[in-house]
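**Q** One structure coming up, written as structure tokens, with questions to follow.
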Ligand SMILES: [Zn+2]
Ligand SMILES: [Zn+2]
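In my numbering, the protein residues as written are 21 to 232.
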């Protein structure tokens, strides 16, 4: 894994930076697909991890959460309006249809606007999922933005910063509002759910401005 900001690490994976999992201080943020369990456990082995938090309840972000929380005895935290989806193993972005696999897990704590996680402040940024949250550290302007914006197209592995496909967001307009809110923070580092981190605030701002 590599440190992309103080006390914030991005785990290695294949393809590189495709299904991003972070360690912020002693908190694991997101957990990829269920088959990402092995690479996550291997990379965090020996580290002190005390909790697992999500950006949102999509299968490519909490696929391995159940297995990892069980194995390491971690409490699972996520945004209030995504709790039900996580506990039922649903993918809220696509009409709430049930997904196969061992995804469902009891949420220990619902988090929302103003809560603190590993030195980051929780921001409610709904749209791509109802309970989507971002993590913001004002002191060095570091933002973990989940899927409010993508660093690239995660299917073609190409292109610049863009919004997620509107079909994946139950409320794409609301997600654009959330993106504008995040851009207004002028983050120095943006850590995406998909794609390499952005360290040029102008590039992030321009991508959001293009959304109209
Ligand atoms: Zn998503
Ligand atoms: Zn995603």
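Built from N, CA and C at the ideal position, the CB exists for glycine as well.
Can you tell me the Cβ-Cβ gap for residue 147 and residue 212, rounded? I've got them flagged as a contact below 8 Å.
**A** As a first step, residue 147 must be located in the chain shown, where it is residue number 127. As a first step, residue 212 must be located in the chain shown, where it is residue number 192. Their Cβ separation, rounded to whole angstroms, is 15 Å, which puts residue 147 and residue 212 out of contact at 8 Å.
**Q** Classify residue 226 as buried or exposed, calling it buried when 16 or more other Cβ atoms lie within 10 Å of its own Cβ.
**A** As a working note, residue 226 is residue 206 in the chain shown. It counts as exposed.
**Q** Please indicate yes or no: does the CB of residue 81 lie closer than 8 Å to some heavy atom of ligand 2?
**A** Taking the first residue of the chain shown as position 1, residue 81 is located at position 61. Yes; taking the cut-off as 8 Å, the Cβ of residue 81 has a heavy atom of ligand 2 nearer than that.
**Q** Cβ-heavy atom distance between residue 188 and ligand 1 below 8 Å?
**A** Against the chain shown, residue 188 aligns to sequence position 168. Checking the Cβ of residue 188 against ligand 1 gives yes.
**Q** Cα separation between residue 55 and residue 196?
**A** By one-based count along the chain shown, residue 55 stands at place 35. By one-based count along the chain shown, residue 196 stands at place 176. Cα to Cα, residue 55 sits roughly 30 Å from residue 196.
**Q** Specify the secondary structure class of residue 49 as computed by DSSP and reduced to three states.
**A** Within the chain shown, numbered from 1, the residue matching residue 49 stands at position 29. Strand.
**Q** Going by Cα to Cα distance, which pick from 53, 111, 49 and 47 is closest to residue 78?
**A** By one-based count along the chain shown, residue 78 stands at place 58. Checked all of 53, 111, 49 and 47; the closest Cα to residue 78 is 111.
**Q** Taking DSSP's pairing of strands, which residues face residue 214 in a bridge?
**A** In the chain shown, the residue the question calls residue 214 occupies position 194. Per DSSP, none; premise fails for residue 214.
**Q** Using CA atoms only, rank isn't needed, just tell me which of 103, 141 and 142 is closest to residue 130.
**A** The residue you call residue 130 lines up with position 110 of the chain shown. Of 103, 141 and 142, the residue nearest in Cα terms is 103.
**Q** Checking 9 Å against the spacing of the C-beta atoms, do residue 128 and residue 76 come in under that value?
**A** As a first step, residue 128 must be located in the chain shown, where it is residue number 108. As a first step, residue 76 must be located in the chain shown, where it is residue number 56. It is not a contact, given that the beta carbons lie outside the stated cut-off.
**Q** If you draw a straight line from the alpha carbon of residue 34 to that of residue 204, how long is it in whole angstroms?
**A** Within the chain shown, numbered from 1, the residue matching residue 34 stands at position 14. Within the chain shown, numbered from 1, the residue matching residue 204 stands at position 184. Rounded to the nearest angstrom, the two C-alpha atoms are 32 Å apart.
**Q** Determine the burial state of residue 68: buried for a count of at least 16 other Cβ atoms within 10 Å of its Cβ, exposed for fewer.
**A** Along the chain shown, one-based indexing puts residue 68 at 48. Per the 10 Å Cβ criterion, exposed.
**Q** Would the beta-carbon of residue 169 fall within 9 Å of that of residue 158?
**A** Within the chain shown, the letter at position 149 stands for residue 169. Within the chain shown, the letter at position 138 stands for residue 158. Going by C-beta atoms, residue 169 is not nearer than 9 Å to residue 158.
**Q** The alpha helix (DSSP H) with residue 58 in it runs from where to where?
**A** Here residue 58 is taken as the residue at index 38 of the chain shown, counted from 1. Its alpha helix (DSSP H) spans residues 57-64.
**Q** Closest to residue 24 by CA distance: which of 229, 133, 217 and 231 is it?
**A** Position 4 of the chain shown, counted from the first residue, corresponds to residue 24. For the residues 229, 133, 217 and 231, the minimum Cα distance to residue 24 belongs to 217.
**Q** If you follow the alpha helix (DSSP H) that residue 178 is part of, which residue opens it and which one closes it?
**A** Numbered from its first residue, the chain shown carries residue 178 at position 158. Segment: none, residue 178 is in no alpha helix (DSSP H) and carries neither H nor E.
**Q** Would you grab the beta carbon distance between residue 63 and residue 32 for me? Rounded to a whole angstrom, and I think it's under 8 Å.
**A** As a first step, residue 63 is located in the chain shown; it is residue number 43 there, counting from the start. As a first step, residue 32 is located in the chain shown; it is residue number 12 there, counting from the start. Right, their Cβ atoms sit about 7 Å apart.
**Q** Using DSSP with H/G/I as helix, E/B as strand and the rest coil, what is residue 144?
**A** Here residue 144 refers to the residue found at position 124 of the chain shown. Three-state DSSP puts residue 144 in a strand.
**Q** Is it the case that the CB of residue 123 approaches a heavy atom of ligand 1 more closely than 8 Å?
**A** Against the chain shown, residue 123 aligns to sequence position 103. Checking the Cβ of residue 123 against ligand 1 gives no.
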